[in-house]
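In our numbering, the protein residues as written are 12 to 94. Glycine included, every Cβ here is placed at the ideal spot set by N, Cα and C.
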């Protein structure tokens, strides 16, 4: 089973963005038999990234608009590589 994590800079505005990304990833990919769970992972770094099995597969500039659908696409692509 695979774990997908949305990693975000803790203590600022990114928590709501991270929750949106987590919900979208879960909605689009959570029913797959190879996905165990989609989690939030606060970080001490200034990041907004998606990880699959601990490997960062997608990151974006935290100063710009965060496109959560890009995160979904990156996670889907990585899952297909693992299959």
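Q.
My output table needs one value for residue 21: the three-state DSSP class, helix, strand or coil.
A. Note: residue 21 maps to coil in three-state DSSP.
Q.
Let me confirm a value: residue 62 is counted as buried when at least 16 other C-beta atoms fall within 10 Å, else exposed. Which label applies?
A. When all chains shown are included, residue 62 counts as buried.
Q.
Suppose contacts are defined by Cβ-Cβ distances below 8 Å. Is residue 20 in contact with residue 56 by that definition?
A. Against a cut-off of 8 Å, the Cβ pair of residue 56 and residue 20 comes out as a contact.
Q: Leaving aside the five residues before and after residue 35 along the sequence, list all residues of the same chain whose C-beta is less than 8 Å from its C-beta, in chain order.
A: Hits under 8 Å: 79, 80, 82 and 83.
**Q.** Candidates 26, 45, 18 and 41, of which the one nearest residue 12 by Cα
**A.** Comparing Cα-Cα distances from residue 12 to each of 26, 45, 18 and 41, the minimum goes to 45.
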